Amino acid sequence: MSRTRIRSTPVDPACAAAVDLARQAAEEIARPGEVGEHLGFDNEGDRVVTHYFECLDRAYRGWRWAVTVTRASRARNVTVSETVLLPGSGALLAPRWVPWNERLRPGDLGVGDLLPAEADDDRLVPGYAATDEEVDRQMVVELGLGRARVLSAFGRDLAVRRWHSGDSGPHTPIANAAPAQCSTCGFYWPLAGALGLGFGVCTNEYAPDDGRVVAADHGCGAHSEATTVPSMVVDAPPPILDDLGYDLFEAGSADEAGSEPLGQS
Numbered sequence: 368m369s370r371t372r373i374r375s376t377p378v379d380p381a382c383a384a385a386v387d388l389a390r391q392a393a394e395e396i397a398r399p400g401e402v403g404e405h406l407g408f409d410n411e412g413d414r415v416v417t418h419y420f421e422c423l424d425r426a427y428r429g430w431r432w433a434v435t436v437t438r439a440s441r442a443r444n445v446t447v448s449e450t451v452l453l454p455g456s457g458a459l460l461a462p463r464w465v466p467w468n469e470r471l472r473p474g475d476l477g478v479g480d481l482l483p484a485e486a487d488d489d490r491l492v493p494g495y496a497a498t499d500e501e502v503d504r505q506m507v508v509e510l511g512l513g514r515a516r517v518l519s520a521f522g523r524d525l526a527v528r529r530w531h532s533g534d535s536g537p538h539t540p541i542a543n544a545a546p547a548q549c550s551t552c553g554f555y556w557p558l559a560g561a562l563g564l565g566f567g568v569c570t571n572e573y574a575p576d577d578g579r580v581v582a583a584d585h586g587c588g589a590h591s592e593a594t595t596v597p598s599m600v601v602d603a604p605p606p607i608l609d610d611l612g613y614d615l616f617e618a619g620s621a622d623e624a625g626s627e628p629l630g631q632s
């Protein structure tokens with residue numbers, strides 16, 4: 368078996384020496400005084416060399432002018448092939464482009480905005496198979512599955528993690544100070560389906576989570592049985608009366624004393 372050899376292309380002397388030609392080409396597209404010193408060159412191939420010059424524009428710190436020169440076979444004159452401005456190792460670059468669906472955050476959707484769900488969205492699965500039977504179609508609608516797509520197990524797990532770790536979960540200051548959990552509150556309305564095992568909707572208009580999904584182990588001070596559950600506040604101790612500084616009198620001796628104050632030792 369023979370080993371493949373990679374032939375290294377020698378640097379063309381004429382192209383490597385064409386520094387002045389490359390500088391002149393860079394100065395033609397740059398503003399006056401923006402082409403700095405020569406930074407070197409790269410051998411791009413047969414009779415093709417790219418020269419680099421420092422960019423002195425303050426808006427493009429770390430960038431460099433790249434001028435590619437070439438020479439035709441058996442020709443003596445070197446010509447300019449391309450002149451561009453390229454970023455160097457310390458150049459300031461724009462942030463990586465992020466698709467819109469990855470930039471979107473909760474609360475960004477406004478009035479009139481449309482948020483399309485992708486066809487291969489992992490959070491959704493087909494709702495039901497098409498059928499020609501009117502009875503079967505009506506049964507599907509009554510069961511709540513008359514939709515093109517429904518929540519998948521993956522989408523349900525994402526919602527569970529997001530809700531349970533959010534402001535309506537058990538790990539919040541208001542939940543830690545609550546007298547009891549939402550699952551024991553009369554205003555707690557469990558969700559239907561598998562999510563009803565751990566989540567419901569708060570229906571108390573005075574509660575901070577009214578109309579929102581809350582975890583079953585969440586809680587707040589608006590619990591329906593807040594007055595019957597043990598209080599979280601420790602009762603104040605009774606006052607301590609120091610009776611060592613007073614003299615005790617019998618009931619009859621108090622009338623004889625008249626208006627005189629009680630004796631004090």
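Under this note's numbering, the first residue of the sequence shown is numbered 368, with each subsequent residue one higher.
Even glycine gets a Cβ: it sits at the ideal position worked out from N, Cα and C.
Predicted model, so just to flag it, every value in this text is computed and none were measured.
Use the C-beta contact count for residue i: other C-beta atoms within 10 angstroms, 16 or more gives buried, fewer gives exposed.
{"i": "G586", "result": "buried"}
{"i": "W430", "result": "buried"}
{"i": "D475", "result": "exposed"}
{"i": "V492", "result": "exposed"}
{"i": "D487", "result": "exposed"}
{"i": "V445", "result": "buried"}
Please state whether DSSP places residue i in a helix, a strand or coil.
{"i": "H405", "result": "strand"}
{"i": "L558", "result": "coil"}
{"i": "R398", "result": "coil"}
{"i": "E449", "result": "strand"}
{"i": "E469", "result": "helix"}
{"i": "Y427", "result": "helix"}
{"i": "C587", "result": "coil"}
For residue i and residue j, I'd like the C-alpha separation in whole angstroms.
{"i": "A547", "j": "Y573", "result": "16 Å"}
{"i": "D576", "j": "A542", "result": "11 Å"}
{"i": "P557", "j": "V581", "result": "9 Å"}
{"i": "R441", "j": "G412", "result": "16 Å"}
{"i": "S535", "j": "V465", "result": "30 Å"}
Identify, in the order they occur along the chain, each residue of the same chain with its Cβ nearer than 8 Å to the Cβ of residue i, setting aside the five sequence neighbours on each side.
{"i": "A393", "result": "V402, F420, W432, V434, T450"}
{"i": "R529", "result": "none"}
{"i": "T570", "result": "F554, Y555, W556, D577, G578"}
{"i": "A561", "result": "R523"}
At which residues does the alpha helix (DSSP H) containing residue i begin and terminate?
{"i": "C382", "result": "380-383"}
{"i": "H531", "result": "520-531"}
{"i": "A542", "result": "540-543"}
Span of the beta strand (DSSP E) holding residue i?
{"i": "G567", "result": "566-569"}
{"i": "V492", "result": "491-493"}
{"i": "E421", "result": "415-422"}
To which residues of the same chain is residue i closer than 7 Å at the C-beta, ignoring the five residues directly before and after it?
{"i": "R490", "result": "L518, S519, F521, G522, L525"}
Starting from the C-beta of residue i, find all residues in its chain whose C-beta is less than 6 Å away, skip the five residues before and the five after it, and write them out in chain order.
{"i": "E509", "result": "For E509, the predicted model reports a pLDDT of 45, less than 50, meaning its position is unreliable and no value from the coordinates is stated."}
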